[in-house]
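In order, the protein sequence lines correspond to chains A and B. In this text, residue positions in the first sequence follow the working numbering: the first is 2, and each later residue adds one. In this text, residue positions in the second sequence follow the working numbering: the first is 811, and each later residue adds one. The beta carbon of each residue, even a glycine, is placed where N, CA and C say it ideally should be. Each remark here refers to the structure printed beneath this line.
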Amino acid sequence: MLVGWFLGAVVVLASTLASAQAVILPKPRQPPEVAMPASLGRTEDALVPLTLTVNQDGTVSEVSVEESQGDAIDQAAVAAASQWRFDPALREGKPVAVRVRALVHLVAPPPPAATPAKIESSPTDTPVSAAAPPLPAPPAVPAPDQPQNNQPHQNQAGTGTAPADRPAAVTVQGRARPTQHGSSDFVVPVGRLQAVPRKNASELLTLAPGIFLSNEGGAGHAERVYLRGFDAREGQDIEFTVGGVPINESGNLHGNGFADLHFIIPELVHSLRVLEGPFDPRQGNYAVAGSADYDLGLEQRGLTAKFTTGSFGTERLLLLFGPTDASIHSFGGVEVQKSDGYGQNRDQRLARAMGQYQGSLGKNGSFRLGAAAYGTRYHSAGVLRQDDLDQGRVGFYDTYDPRQGGDATRFHVYGDVESRSGRTTLYQQVFLIRRSMRLRENFTGFLLDQQLGRQQPHDQRGDLFDTYMDEDTLGARGFARSEGQALGQRQELELGYFARADRVSATRQRIDANTGDPYVTDTDLASTLGDIGLYLDGTVRPIPRVAVRGGLRADLFTFDVLDRCAVKDVSRPSSDNPPGDASCLSQQRFGVYREPTERSSTAAIQTMPRASLLLGPFQSFLFSVSYGTGVRSIDPNYITEDVGTPFASISAYEGGVSYAHGWGPVGMSARSVFFVTHVDRDLIFSESEGRNLVGGGTTRTGWVGAVRVTGGHFDQSANVTLVRSTFDDTHLLVPYVPDLVLRSDSSVWTELPLRLGGQRMTGSLSAGVSYIGRRALPYGQSSHTIFTIDPGASLKWQPFELGLEVTNLLDTRYRLAEYNFVSDFHSQSAPTLVPARHFVAGSPRTVLLSLSVTLGGS
Amino acid sequence: MLVSRVVIALLTLPWVVGCVGNAGGDLFEFEAYGKGPDDAIFGEPYRFTTGRDYQVQLDRAVLHVGALYLNRAQQTSVGSDTSCTLPGIYSAEVTTGRDLDLLSSEQQPFPELGHGTDDTARTGEVWLTGGDVYAESDPTVIFDVKGSAEKDGIAYPFSGKLTISTNRKVTPQNPALPGSKPLCKERVVSPIAMDLSPVPGASLVLTVDPQKIFANVEFSELERIDDDPPEYRIRDDDGDQPSLNVYNGIRASVGVYAFDWRITSK
Chain A
2 MLVGWFLGAV
12 VVLASTLASA
22 QAVILPKPRQ
32 PPEVAMPASL
42 GRTEDALVPL
52 TLTVNQDGTV
62 SEVSVEESQG
72 DAIDQAAVAA
82 ASQWRFDPAL
92 REGKPVAVRV
102 RALVHLVAPP
112 PPAATPAKIE
122 SSPTDTPVSA
132 AAPPLPAPPA
142 VPAPDQPQNN
152 QPHQNQAGTG
162 TAPADRPAAV
172 TVQGRARPTQ
182 HGSSDFVVPV
192 GRLQAVPRKN
202 ASELLTLAPG
212 IFLSNEGGAG
222 HAERVYLRGF
232 DAREGQDIEF
242 TVGGVPINES
252 GNLHGNGFAD
262 LHFIIPELVH
272 SLRVLEGPFD
282 PRQGNYAVAG
292 SADYDLGLEQ
302 RGLTAKFTTG
312 SFGTERLLLL
322 FGPTDASIHS
332 FGGVEVQKSD
342 GYGQNRDQRL
352 ARAMGQYQGS
362 LGKNGSFRLG
372 AAAYGTRYHS
382 AGVLRQDDLD
392 QGRVGFYDTY
402 DPRQGGDATR
412 FHVYGDVESR
422 SGRTTLYQQV
432 FLIRRSMRLR
442 ENFTGFLLDQ
452 QLGRQQPHDQ
462 RGDLFDTYMD
472 EDTLGARGFA
482 RSEGQALGQR
492 QELELGYFAR
502 ADRVSATRQR
512 IDANTGDPYV
522 TDTDLASTLG
532 DIGLYLDGTV
542 RPIPRVAVRG
552 GLRADLFTFD
562 VLDRCAVKDV
572 SRPSSDNPPG
582 DASCLSQQRF
592 GVYREPTERS
602 STAAIQTMPR
612 ASLLLGPFQS
622 FLFSVSYGTG
632 VRSIDPNYIT
642 EDVGTPFASI
652 SAYEGGVSYA
662 HGWGPVGMSA
672 RSVFFVTHVD
682 RDLIFSESEG
692 RNLVGGGTTR
702 TGWVGAVRVT
712 GGHFDQSANV
722 TLVRSTFDDT
732 HLLVPYVPDL
742 VLRSDSSVWT
752 ELPLRLGGQR
762 MTGSLSAGVS
772 YIGRRALPYG
782 QSSHTIFTID
792 PGASLKWQPF
802 ELGLEVTNLL
812 DTRYRLAEYN
822 FVSDFHSQSA
832 PTLVPARHFV
842 AGSPRTVLLS
852 LSVTLGGS
Chain B
811 MLVSRVVIAL
821 LTLPWVVGCV
831 GNAGGDLFEF
841 EAYGKGPDDA
851 IFGEPYRFTT
861 GRDYQVQLDR
871 AVLHVGALYL
881 NRAQQTSVGS
891 DTSCTLPGIY
901 SAEVTTGRDL
911 DLLSSEQQPF
921 PELGHGTDDT
931 ARTGEVWLTG
941 GDVYAESDPT
951 VIFDVKGSAE
961 KDGIAYPFSG
971 KLTISTNRKV
981 TPQNPALPGS
991 KPLCKERVVS
1001 PIAMDLSPVP
1011 GASLVLTVDP
1021 QKIFANVEFS
1031 ELERIDDDPP
1041 EYRIRDDDGD
1051 QPSLNVYNGI
1061 RASVGVYAFD
1071 WRITSK
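Rendered as structure tokens:
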């Protein structure tokens, strides 16, 4: 009986690699000979794909069979693999436990010309891509020092030692990651693209395809997000989370689901998961266009201090701390920043702090504790009329109303625990959020103040809205995920829940332009909102290379809204007790008394099926089709007692293909996706209200293409989105939505042939390029296009780094947002009552210089 | 491999979803003019007979128009709304004013272009204001008229300069509705009913018929301010009924004002 040498193979399609810190693969020391059990009487070899854990001491544990070849063969393979010994995987020079897939070659007895040791790759469910989630391997036992991250698979990430004919990387043990749901499920490591100039953490979203950001409310106002034909406003159609902690604000009067991402320090963003479409049962409220989760982490360990200064009086001081003996998910950061802003009325002051600690719970668990604090005060310029600009009545960067602006705060704490028990992973998170926001905006000038008969005669007192909201949110989420064998394949099931309670107080008043006093209260609400969701998410693999993934989600939404200004007018006011100019009345017709308040309550359940069919990989290609429904809870303003369906429903379909492959140190991933989404009650922006209002049904049809290529000294990401959004009844285009979005992010870095004090320097160049196509506007118009280039450069020597960032290099006068609507800013001799073009000016060229120093760490 | 080819096609297929296209409607600019009736001749008096059998000769009739507006909404009641701007969406506006010679059928251009949408207008407005429509006091002479009326052989030469200022303020009778008669409403002639769709390349023309202004004026009851020769005055307040009728005449939403889109020669 000849037994050939064989070598357990480390599987090819890696799905996770540290972007800046490579993982050195485990190396087998002395592969055991594996003989086919003679009792089986087989004359042919057998290949048994396994998944196993290579522990920190090089031993093997948790061996499981991926594709059964028969019980006896399986047992022989498992027994053999359990005896293997490895030089353990290393990360940052430290042994780490890794979960790998391997192929055991059982050699049948003679012939003597036994096949040589083979190293083969085994099929995986998902090809590696920069935008793909990890391999759908069973969640590994978490270890504190081992984050998960995603990139195109690289042979060795520059440091591996596996043979060239064994392209490989490993799934580093860490926390369980959601499984991929379709081709529009992008997990995007920021990596070296952190160097591309960006104003804030919101702009990191543009690393995913089809995202365009604008902002008409000032530097402290949440960005308006366009995604795949959706005008998601300030997040009302995208479920935003940071490490699972919700960001969307239920009951925010400016927009239900408002998501202000400015509390996030951009340097602490490690990766994002952007799922474009409602295809994952984990997605909850507001996941209409999709969802985005920010995963925080700090690659650079030690203490980093960074000072930035530049155009428009900008100054920023940032301190970051990453303990050297902890994972990248343990960090702290604090920042203070000020800027005078460009043009008129765009100054801002802000401070923010974030911290998180990840620790281990024995061998099989980890926990995280974190907190964030944020405060800002800012002014904004608002919109300008194009005809006033054309006539020279205003300048491009001017403002009509310098009272516009606002302030905001956010404080949140959270904790979570993840543990593994056998083949089951358990996760539990709780969070507590305190948030306040004040916003003053004037879109229409002096247009909306109508004379009521019961009021004293008055002229137009001005349309400056003063909106205030404060909110407390308490919530939790959790899941149990288990795997098993059936049909000869690995099957998975996850059961999870989400619960959230919000208490919101919101008011909106209008401010007299002459006196600065509020002259009318439009809205005054106190709301208690609830959202409890349950979901089931499974992966069924009936045959190899076929996976059906998905399940069902059900959410119960509860609304209890106290309108503290329920009566705003009366048709026959009392002459003995005239209400006069009061906003909130306590009388009905003919002076009959009633309370000025009114409470409305309702609740409803929405069930949302979601499913994806994944085929492959076939030569690095993975095909998928997906279907899903989503939900967006309705603004408490619209709640009526016992009206049963207080939300908008969404149906989405897509089909696409993913590709991922590596050539030596270079890895590439690409996606191509076609999609269709329908909303029954869309949100349409109303300039007179300064917010989105519920409108009719709309449909979006489009295509997304994305590619990312990374190597030892470069990282290039590019994406394009084409979309057509129309109203169902008129088939006219939905206004303000761009039909074409192009984005490129590039970064190159290398050691320079320069030395200082005998030490080499490293340099980097980066650039972000955006092109936004024309957007349909009301009244048959279309907007201007937007084209910007944002380059950056840095020079690093020892602990010091000098950086230069330029945004809008070409200094183009671009219109960040354009609208057609009615306004009267008293800029002409008589009121302007006909729709006209308005715009928000984009930032001119901005140059920022930074100096940072890092002490300790690596 | 076939799979590879199909996949490559999917990966590289550029789907042109078309040009930006249409979100509904259109915005445009237009010239605007005002004029008197078609049978008026510039430089000559304008003669007509009223419903009270007065033969009237106007020697001067100048109306100051502050602004023009067209609205998409069809208004159902004239006096129910206390706002000076109508609900619904305005479809055209001319925001710079001028004095119109009502004794000329020649088209007199407004100083600046108007702006509008291609929507059909159901209601028109003429704003008789010299500046801020909400101002308490406005000394602008809105209507400057001079002429003579004759009936039964008796002539009544008259003249008048009318303003719309504090002299037109109406005190509401119901103390619970102090704002029900805002002064701005006195300056806005509305609703002028119409069914008017814009014509590409056309100009908006306002025609004012002075005959309708005097339809109900009893000239013999005007204030007599001189005897030799006799002269009568149209008061700039509500002091007598004929003066009030002239004031109501220039504010009448039916019969006095007419809008039209016309291709005008330049």
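Secondary structure at A/Gly592: helix, using DSSP grouped into helix, strand and coil. A/Thr641 sits in coil when the DSSP states are folded into three classes, being neither helix nor strand. Taking the beta carbon of B/Trp937 as reference, the chain A residues within 8 Å of it are Ala831, listed in sequence order. Each of A/Ser771, A/Ser747 and A/Ser795 was checked against the Cα of A/Met762, and the nearest Cα belongs to A/Ser795.
The CB of B/Pro949 never comes closer than 8 Å to any CB in chain A; the least such distance is about 16 Å.
Taking A/Gly454 as the centre and dropping the five residues before and after it, the same chain places no C-beta closer than 7 Å to its C-beta. In the three-state reduction of the DSSP assignment, A/Ala73 falls in the helix class. Between A/Arg455 and chain B, the shortest Cβ-Cβ separation is below 8 Å. Per the coordinates, the alpha-carbon of A/Ala527 lies some 17 Å from the alpha-carbon of A/Ile434. With respect to chain A, the C-beta atom of B/Ala877 has a partner C-beta closer than 8 Å.
Burial is judged here by how many other beta carbons sit within 10 angstroms of a residue's own beta carbon; A/His222 has at least 16 and is buried. Cβ neighbours of A/Pro597 within its own chain (closer than 8 Å, five residues either side excluded): Arg565, Cys566, Ala567, Val568, Cys585, Leu586 and Ser587. Put simply, the CB of A/Asn821 is near chain B, with a gap under 8 Å to one of its CB atoms.
Every candidate alpha helix (DSSP H) stretch fails here, since none sits fully inside the segment 754-806 of chain A while reaching 4 residues.
Annotation note: the segment 410-438 of chain A contains no uninterrupted beta strand (DSSP E) run of length 3 or greater. The C-alpha of A/Asp348 lies about 57 Å from the C-alpha of A/Asp88. A distance of 8 Å or more separates the beta carbons of A/Val724 and A/Val384. When secondary structure is reduced to three states using DSSP, B/Lys961 falls in the strand class. Taking A/Asp716 as reference, the option from A/Ser650, A/Val667 and A/Phe332 with the minimal CA-CA separation is A/Val667.
Against chain A, the beta carbon of B/His874 has no neighbour under 7 Å; the closest one sits roughly 13 Å away. Per DSSP, reduced to three states, the secondary structure at A/Asp391 is helical. Chain-order list of chain B residues neighbouring A/Leu834: Tyr879, Thr895, Tyr900 and Glu903, by C-beta distance under 7 Å. At a C-beta separation below 9 Å, B/Thr906 has these neighbours in chain A: Gln829, Ser830 and Ala831. Per the DSSP secondary-structure output, A/Gly407 pairs in a beta bridge with A/Tyr379 and A/Leu440. The bridge partners DSSP lists for B/Tyr879 are B/Glu903 and B/Glu935. Residues of the segment 564-597 of chain A with a C-beta less than 7 Å from any C-beta of chain B: Pro574, Ser575, Ser576 and Pro579, listed in chain order.
Going by beta carbons, A/Tyr398 and A/Phe480 fall outside the 8 Å limit. Contact with chain B is absent for A/Gln387, since none of that chain's Cβ atoms lies less than 8 Å from the residue's Cβ. In the DSSP assignment, B/Val1015 is bridged to B/Tyr843 and B/Asp1070.
Straight across, the Cα-Cα distance linking A/Val64 with A/Ser621 is about 26 Å. Bounds of the alpha helix (DSSP H) holding B/Tyr1057 are Gln1051 to Ile1060. One finds Arg455, Pro574, Ser575, Ser576 and Pro579 in chain A with Cβ atoms closer than 7 Å to the Cβ of B/Ala986, taken in chain order. For B/Pro1008, not one C-beta of chain A is nearer than 8 Å to its own C-beta.
For B/Ile1023, the uninterrupted alpha helix (DSSP H) run begins and ends at Pro1020 to Ile1023, by DSSP.
One alpha carbon belongs to B/Ala1068, the other to A/Gln461, and they sit about 29 Å apart. By the neighbour-count criterion, in which a residue is buried when 16 or more other Cβ atoms sit within 10 angstroms of its Cβ, B/Val1027 is buried.
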